[in-house]
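Oh and the sequence shown: position 65 is 46 in this note's numbering, straight run, nothing missing.
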Amino acid sequence: KGVTVGFATCLLFVFLTIPAAIAAQVLYGVSLADSDWLHGSAESLLTITNLVTVVAFRQALNAKEKDLPTMPASATSWEPMTYLVGGLTAIAIVTAAVP
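Pasting the structure below:
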């Protein structure tokens, strides 16, 4: 389930990057890549996606490799990775709000 949260966060990145690109064009007359703080904020969402996906895969593979009797919480519950995404996204929002 944690990997699913990671891939869902990737969709969040895509859906939030489109308005950021439109805002860069309308507000500044440049592409998203040329608006540093908007581009950096969008890229931070991509970093969160990568981090969550890798952590979830790593936890699941470590449990499988060590033949643990129980899977990690991120593999059986939505909560751990959802909290991680929420916390990291809040940090990204704060960094975006303060250019």
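Cβ atoms here follow ideal geometry from the backbone N, Cα and C, with glycine treated the same way.
Given the structure is predicted, the values throughout are model-derived calculations rather than measurements.
Mapping the DSSP letters down to three states, classify residue i as helix, strand or coil.
i	result
T(-15)	helix
L49	coil
W18	helix
S25	helix
V11	coil
S55	helix
V36	helix
V(-5)	helix
Could you pull out every residue in the same chain whose Cβ sits closer than 8 Å to the Cβ of residue i, ignoring the five residues on either side in sequence?
i	result
L(-3)	A23, L26
Excluding the 5 residues flanking residue i on each side, which residues of the same chain have their C-beta closer than 7 Å to its C-beta?
i	result
W59	K(-18), V(-14)
I29	T(-10), V66, L69, T70, A73
P50	none
Nearest-angstrom Cα distance between residue i and residue j?
i	j	result
V7	H20	15 Å
A77	S12	17 Å
M52	D17	41 Å
V79	A5	16 Å
V(-16)	V35	8 Å
K45	F(-6)	30 Å
D15	V75	20 Å
N43	V33	15 Å
A41	I(-1)	32 Å
S55	Y9	41 Å
Which same chain residues, not among the five before or five after residue i, have their C-beta less than 6 Å away from its C-beta?
i	result
A2	L13
Would you check whether the ligand SAM has a heavy atom nearer than 7 Å to the C-beta of residue i?
i	result
T(-10)	Questions concerning the ligand SAM fall outside what the structure shown contains, since it holds no ligand whatsoever.
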